[in-house]
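A.B. asks:
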Amino acid sequence: MNNIKNQFSISDFENLSGIKAHTIRMWEKRYNLFNPIRHGNNERLYDLDDLRKILNIGFLQQNGLKISKIVALGNLEIPRKVNEIITEKGKFHEAINQFKISMFSFDQELFNSTYQKLISQLSFREIFHEIFIPFLELIGLLWQSGTIVPAHEHFISQLIENKLHLNIEKVQGHPKRKDRTFVLFLPQNEMHNLGILFVQYEILLKGFHCLYLGSNIPVDDLKILQKIYNPIVFISQFTVAPAVEEIENFINKIQTEILRKNEDEFWIIGKKSQEVLKLHITQSLSTFKNVGELVKKV
């Protein structure tokens, strides 16, 4: 697969490990930690084994070991020492590292085995909040910095989405609370759905009736639901869409043509939800910085 990334620049290492490039260069020179390939312009290029090593070194440093002691352990003992000192917090850190490796090597088996270890000890809610959310935020930063390509993001996002669908199916059933219905949808051209899928999971877990309509939903189509359910809390995610210049028109249409006064509400999560705060909004519209903040209001 030509999208598999098996060579990494020193800036990739810095982005992935949080260890500054100049520190990595110093360690390389002083301790002979790595033997990178030199590119034509003398740029250092590292492989997947080097990536595993720098992630382990970063983990050990965060747990109080000095670089001189880490180096003294040797290549075989470093991963063993990581396993020895893993605490609950460490398990989260180590799981994220394993998911990073899975993403770069397109290793579905590694992703699933890491997930199975987690689910044997933690609830799905804990895994999503403590591991998947920080990991997805990291993916966004890695994409912005050019460390990963869309194929990496799509591969790992699809694996996470599969786990979401699996757990949503487990909690679906007859709703116990029927005082309101939640209708979830993505606006046209919005591609990111993991946050809204987890919102669906949380709402179902709380016993409410919840419908997920998917992506590219025209606003006018929401009127159909009002013939069946009352009241409705509409929830959407604004990450890449609508475009900034289109948000005001979108919100105005929702407020004037969709929401029934003193009955329906519209809740929004995602990066672009903060753009809504610049507009004149009614009490029926709420924005949330993240999924956790929204779920608290359910």
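In this text, residue positions in the sequence shown follow our numbering: the first is 9, and each later residue adds one.
The C-beta atom is built at its ideal place from N, Cα and C for all residues, glycine as well.
Taking buried to mean at least 16 other C-beta atoms within 10 Å of its own C-beta, is S110 buried or exposed?
C.D. replies: Answer is buried; the Cβ neighbour count reaches 16.
A.B. asks: Does DSSP put L84 in a helix, in a strand, or in coil?
C.D. replies: Helix at L84.
A.B. asks: Check F114 in the structure and name its three-state DSSP category.
C.D. replies: DSSP places F114 in coil when its eight states are reduced to three.
A.B. asks: Just to confirm the assignment: which complete beta strand (DSSP E) runs, minimum length 3, are found wholly within the stretch 247-291?
C.D. replies: Taking only runs of at least 3 residues, the beta strand (DSSP E) segments lying wholly in the stretch 247-291 are 273-277.
A.B. asks: Measure the C-alpha to C-alpha separation of N197 and S223 and round it to an integer number of angstroms.
C.D. replies: Approximately 8 Å, taken between the alpha carbons.
A.B. asks: The alpha helix (DSSP H) with L213 in it runs from where to where?
C.D. replies: Element bounds for L213: 202-213.
A.B. asks: Could you tell me the boundaries of the alpha helix (DSSP H) in which D20 lies?
C.D. replies: Segment 18-25, the alpha helix (DSSP H) holding D20.
A.B. asks: Got a sec: does the ligand ADP put a non-hydrogen atom nearer than 8 Å to the Cβ of R33?
C.D. replies: Ligands displayed in this structure: none; no statement on the ligand ADP is therefore possible.
A.B. asks: Kindly identify the DSSP beta-bridge partner or partners of Q245.
C.D. replies: Q245 is bridged to I277.
A.B. asks: Quick one: is H200 buried, meaning 16 or more other Cβ sit within 10 Å of its Cβ, or exposed?
C.D. replies: Counting Cβ neighbours within 10 Å, H200 comes out buried, since at least 16 surround it.
A.B. asks: In chain order, what residues of the same chain lie with their CB nearer than 7 Å to the CB of A249, ignoring the 5 residues before and after it?
C.D. replies: Cβ neighbours of A249 beyond the five flanking positions: P195, Q196, N197, E198.
A.B. asks: Would you call the stretch 177-197 and the stretch 239-258 touching, i.e. three or more CB-CB distances under 8 Å?
C.D. replies: Touching, yes.
A.B. asks: Apart from the five residues just before and just after I262, which ones in its own chain have a Cβ nearer than 6 Å to its Cβ?
C.D. replies: Here the set comprises F274.
A.B. asks: Check the C-beta distance from N71 over to P87 and give it rounded, since I have them as a contact under 8 Å.
C.D. replies: That belief does not hold up - the Cβ atoms of N71 and P87 are roughly 14 Å apart, past 8 Å.
A.B. asks: Rounded to the nearest angstrom, how far is the Cβ of F143 from that of F107, given a contact under 8 Å?
C.D. replies: Correct: roughly 6 Å between the Cβ atoms.
A.B. asks: Roughly how many angstroms lie between the CA atoms of M9 and L53, to the nearest whole one?
C.D. replies: Note on M9: pLDDT 41, under 50, position unreliable in the model; the coordinate value appears next. In a straight line, the C-alpha of M9 is about 20 Å away from that of L53.
A.B. asks: Is F132 helix, strand or coil when you go by DSSP?
C.D. replies: Helix.
A.B. asks: If you run the structure through DSSP and keep just helix, strand and coil, what is L233?
C.D. replies: Note: L233 maps to helix in three-state DSSP.
A.B. asks: Using the rule of at least 16 other Cβ atoms within 10 Å of the residue's Cβ for burial, across every protein chain shown, is Y209 buried or exposed?
C.D. replies: Classification for Y209: buried.
A.B. asks: Rounded to whole angstroms, how far is the Cβ of Q67 from the Cβ of N105, which I believe are closer than 8 Å?
C.D. replies: Residue identity differs from the one stated: residue 67 is Phe in this sequence, not Gln. Indeed they touch by this definition, with Cβ atoms about 7 Å apart.
A.B. asks: Less than 9 Å between the beta carbons of K186 and H137, yes or no?
C.D. replies: Contact flag unset, no.
A.B. asks: If I measure Cβ to Cβ from K280 and keep anything under 8 Å in the same chain, skipping five residues before and after, which residues do I get?
C.D. replies: Cβ within range, chain order: F246, T247, V248, A249, P250, V252, I255.
A.B. asks: Please go through the same chain and pick out, in chain order, the residues whose beta-carbon is closer than 7 Å to the beta-carbon of N11, but skip the five residues on each side of it.
C.D. replies: Annotation note: pLDDT 48 at N11 (below 50); position unreliable, no value reported.
A.B. asks: Could you check where the beta strand (DSSP E) with F193 kicks off and where it finishes?
C.D. replies: First-last of the beta strand (DSSP E) with F193: 185-193.
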